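In case it helps, the numbering used here puts the sequence shown at residues 3 to 230.
Beneath this line is the structure, given in structure tokens, with notes to follow.
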Amino acid sequence: MTSKRRVTADEHLLDTRHSEEWKQKASWRVMKIQAEFVEGFETLEAAELGDAIGVYGSARTPVDSEEYKLGVELGRKLGEAGFSVITGGGPGAMEAANRGAADANVKSVGLGIELPFEQGINPYVDIQLDFHYFFVRKVMFLKYSCGFCALPGGFGTLDELFESLTLVQTEKVGRFPIALIGTDYWGGLVDWLRKTMVGEGKINPDDVDLLLVTDDLDEAVEHMKHAA
Numbered sequence: 003m004t005s006k007r008r009v010t011a012d013e014h015l016l017d018t019r020h021s022e023e024w025k026q027k028a029s030w031r032v033m034k035i036q037a038e039f040v041e042g043f044e045t046l047e048a049a050e051l052g053d054a055i056g057v058y059g060s061a062r063t064p065v066d067s068e069e070y071k072l073g074v075e076l077g078r079k080l081g082e083a084g085f086s087v088i089t090g091g092g093p094g095a096m097e098a099a100n101r102g103a104a105d106a107n108v109k110s111v112g113l114g115i116e117l118p119f120e121q122g123i124n125p126y127v128d129i130q131l132d133f134h135y136f137f138v139r140k141v142m143f144l145k146y147s148c149g150f151c152a153l154p155g156g157f158g159t160l161d162e163l164f165e166s167l168t169l170v171q172t173e174k175v176g177r178f179p180i181a182l183i184g185t186d187y188w189g190g191l192v193d194w195l196r197k198t199m200v201g202e203g204k205i206n207p208d209d210v211d212l213l214l215v216t217d218d219l220d221e222a223v224e225h226m227k228h229a230a
């Protein structure tokens, strides 16, 4: 049986093809957006996370895969280093990192997002928030994390990665280490950044150095300590 696709709050806000009545309601959505910000700030302030690391990665990572095991180990090592762990709260790599954090007995946060097809919050989250708007969720990631680790992922991971990288490059945030876990997976992207973007003068050579690319989880965790 095929699940019925839901129209999300993001789609309501951004789609201009609907009726005039629908469009006229758009300005009132600011109240709903404001409420999401307030709930997010209040919940995460009350959680007293301390130093926290955001972990990105694919929701499609199989539980029985080496990538999943890597995510669990990363979450555990971050926890053992004294960090809380924040993910998107979904399955796959996100679940793995939350699971590792739970194993290390540190705070394990899931920032869920409303999607057309429900994916739900994984069972290893102990502090849960559910968002309707991607941009509100991104603010929570950035405000309450002091660094990011990216496991192999898809468009969502790239979106979060490059948003973070842009804010670091433009000095909108201060010390904010970013680590890409998996040289085989991320190496081609970094090569393209150096060859094409640097080569054509679109970014500076040292902009690429804002990224640590590694297979060594201990190195990644040590890199995160630069922000703590």
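Backbone N, C-alpha and C fix where the C-beta goes; we use that ideal spot for every residue, glycine too.
Since the structure is predicted, the reported quantities are computational estimates derived from the model, not experimental observations.
{"Check": "State the Cα-Cα distance for the pair residue 180 and residue 217, rounded to the nearest angstrom.", "Outcome": "14 Å"}
{"Check": "Between the alpha carbons of residue 44 and residue 123, how many angstroms are there, rounded?", "Outcome": "20 Å"}
{"Check": "Assuming residue 78 contacts residue 105 under a Cβ cut-off of 8 Å, what Cβ separation, rounded to an integer in Å, is found between them?", "Outcome": "5 Å"}
{"Check": "Compare the Cα-Cα distances from residue 112 to each of 131, 163, 118 and 101 and report the closest residue.", "Outcome": "131"}
{"Check": "Would you mind reading off the limits of the beta strand (DSSP E) that contains residue 57?", "Outcome": "54-58"}
{"Check": "From what residue to what residue does the alpha helix (DSSP H) around residue 223 run?", "Outcome": "219-226"}
{"Check": "Looking at the structure shown, is residue 119 part of a helix, part of a strand, or coil, going by DSSP?", "Outcome": "coil"}
{"Check": "Using 10 angstroms around the beta-carbon of residue 168, count the other beta-carbons present and answer buried if the total reaches 16, otherwise exposed.", "Outcome": "exposed"}
{"Check": "What is the DSSP secondary structure of residue 74, reduced to helix, strand or coil?", "Outcome": "helix"}
{"Check": "For residue 100, is the classification buried or exposed, using 16 other Cβ atoms within 10 angstroms of its Cβ as the cut-off for buried?", "Outcome": "buried"}
{"Check": "Rounded to whole angstroms, what's the CA-CA distance from residue 229 to residue 148? Just pull it up for me.", "Outcome": "6 Å"}
{"Check": "Smallest Cα separation from residue 174: which of 145, 194 and 61?", "Outcome": "145"}
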